[in-house]
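Here the protein sequences come in this chain order: G and A. Counting in my numbering, the first sequence runs from -17 upward without gaps. Counting in my numbering, the second sequence runs from -17 upward without gaps. What follows is a single structure, written as structure tokens, with notes after it.
There are 2 protein chains.
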Amino acid sequence: MKASDKAKSVEERMLNRLREKGYKLTPQRREIIRILAQDTAHPRAAEILQNARKHAPSISTSTVYYTLAMLKKEELIREIEFYDMDNRYDTNVSNHLNLICERCGRIEDYADELPFSSKNIEQRSDFQPFRFRFECYGICRKCRSRRK
Amino acid sequence: MKASDKAKSVEERMLNRLREKGYKLTPQRREIIRILAQDTAHPRAAEILQNARKHAPSISTSTVYYTLAMLKKEELIREIEFYDMDNRYDTNVSNHLNLICERCGRIEDYADELPFSSKNIEQRSDFQPFRFRFECYGICRKCRSRRK
DNA sequence: TTTTTAATTAGGAATAATTCCTAATTAAAT
DNA sequence: ATTTAATTAGGAATTATTCCTAATTAAAAA
């Protein structure tokens, strides 16, 4: 499947879900959703804002954050939170390992089997798992070749 | 091994390492190290500060952060960074899964096999791994039983 | 089509843990 | 005892995100 087709289907799925739930489909929301669906690079709120202003010039920071919070609540996106860099947003809500480049900030998905099972953790530790966070910090291919 | 013996050995190891590296062993540092070695509950900077003031009343926030940064640089502790709660500090610097309770903030180690190997990631993705972060968010045993 | 209204938006102020800055202090080598 | 580079204390600065409020609007109802 072409990347642009994938983006379209992700976008449609998100819009339909919001319609079902009775959310208003404002131009601002459509724009934010379009950007999230197209951008597989785990964009920052500031990048989404900057991009959205190309088509919706008056969109505000609050609206971007408000919409992202709503999409997160509806489990349509995942927020990856950092304290020393901007948070990032991902339409891939499955449990997967993220490879995070410490030089350029690029985040790429690493597809592999699930490393821990919720059931095992619950049985062995009496802890009730809700969600996971798997990250690997290092240097991405581009940055490795750049500094050779 | 008793927990207090374990703490003593962790403490000694850290002090020796700093001596070797030529760091000054100030009362403030000794106190922070003692607290870190004893506290297996992944304490916050504010908790370390509060505790340290019992024996070193004049110790400042800056000193705690400065010392924690130094210990992290020397790889004697690991800093677990959060954007919506205080960062936490751990003398267990191995790669392991942390179980994080969303209700009380408690963090416990989950000992299990390593879920991903650096070598595999490097071979399969051209990404050079440095360090990992594995977290599971949920509800801990205490909080589960409390709300029944 | 017009009216209604609760949800949404824009803009700016507030937040708060951590970092930054600087002068004073001090551990430890000489 | 002297020296000095490292360390400390205290407070100001930082800054992405959240909070607050009045104005606007998507979409349901009339």
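From the three backbone atoms N, C-alpha and C, an ideal C-beta is built for every residue, glycine too. From a predicted model like this one, the values you see are computed outputs, not experimental measurements.
- Short of 8 Å from the beta carbon of G/L50, and not among the five residues preceding or following it, lie these beta carbons of its own chain, in chain order: I14, A27, I30, I59, E61 and Y71.
- Interface with chain A (8 Å Cβ-Cβ cutoff): G/Y47 is excluded.
- Cβ-Cβ distances below 8 Å link A/F116 to N77, H78, L79, N80 and P97 in the same chain, with the five nearest sequence neighbours on each side left out; the list follows chain order.
- The C-beta distance from A/C118 to G/P111 rounds to 5 Å, short enough to fall under 8 Å.
- Judged by DSSP secondary structure, G/E(-7) falls outside any beta strand (DSSP E) and instead within the alpha helix (DSSP H) spanning A(-15) to E2.
- Burial is judged here by how many other beta carbons sit within 10 angstroms of a residue's own beta carbon; A/N33 has at least 16 and is buried.
- With fewer than 16 other Cβ atoms from the protein chains shown falling within 10 Å of its own Cβ, G/G4 counts as exposed.
- Listed along chain A are F109, each with a C-beta nearer than 7 Å to that of G/C122.
- Counting only Cβ-Cβ distances below 8 Å, A/R(-1) has no contacts in chain G at all, with the closest Cβ about 23 Å away.
- G/V75 is classed as exposed because its beta carbon has fewer than 16 other beta carbons within 10 Å across all chains shown.
- Between A/E(-7) and A/A19, the CB-CB gap stays under 8 Å.
- G/Y92 is positioned such that its CB atom lies no closer than 8 Å to that of A/Y65.
- Taken through DSSP and simplified to helix, strand or coil, G/L7 comes out as coil.
- For G/L0, the number of other beta carbons within 10 angstroms of its own is at least 16, and it is reported as buried.
- Contact with chain G is absent for A/I41, since none of that chain's Cβ atoms lies less than 8 Å from the residue's Cβ.
- By alpha-carbon distance to A/V46, the top candidate from A/E90, A/R113, A/S100 and A/T8 is A/T8.
- Beyond the five residues adjoining it in sequence on each side, G/H37 comes within less than 6 Å, by CB distance, of E13 in the same chain, given in chain order.
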